[in-house]
Amino acid sequence: MCPHEPSCPSADADDRDAARTVAAHPEQGWSLLCNGVVLFEDTGELLPNGAVIDPHRPFPLVGAV
1 MCPHEPSCPS ADADDRDAAR TVAAHPEQGW SLLCNGVVLF EDTGELLPNG
51 AVIDPHRPFP LVGAV
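The sequence shown runs 1 to 65 under the working numbering.
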């Protein structure tokens, strides 16, 4: 259970990335969120149930400089 007020989004919510970071390891490229999600620097995710979410970085705009 999340101790934050308001509560962090659950691991199965669409906005699960908005949960607070409880452990950060930038030297290894990952962070643990309050909802149990492991968030990787490439935006990939590992959910508490073992499901993998592929990286979902936005694509750069065509012709952007």
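A virtual CB, placed ideally from N, CA and C, is assigned to each residue, including glycine. Please read all numbers here as calculations on a predicted model, not as lab measurements.
Next item on the list: Can you have a look at residue 13 and say buried or exposed, based on whether 16 or more other CB atoms are within 10 angstroms of its CB?
Entry: exposed
Next item on the list: Would you kindly work out how many angstroms separate the C-alpha atoms of residue 37 and residue 45, rounded to a whole number?
Entry: 7 Å
Next item on the list: Whole angstroms is fine: what's the gap from residue 16's alpha carbon to residue 35's?
Entry: 8 Å
Next item on the list: Inspect the beta-carbon positions of residue 58 and residue 42 and report whether they are closer than 8 Å.
Entry: no
Item checked: Exposed unless 16 or more other CB atoms sit within 10 angstroms - verdict on residue 74 -> A query on residue 74 cannot be resolved here, the shown segment of the chain reaching from 1 to 65 and no further.
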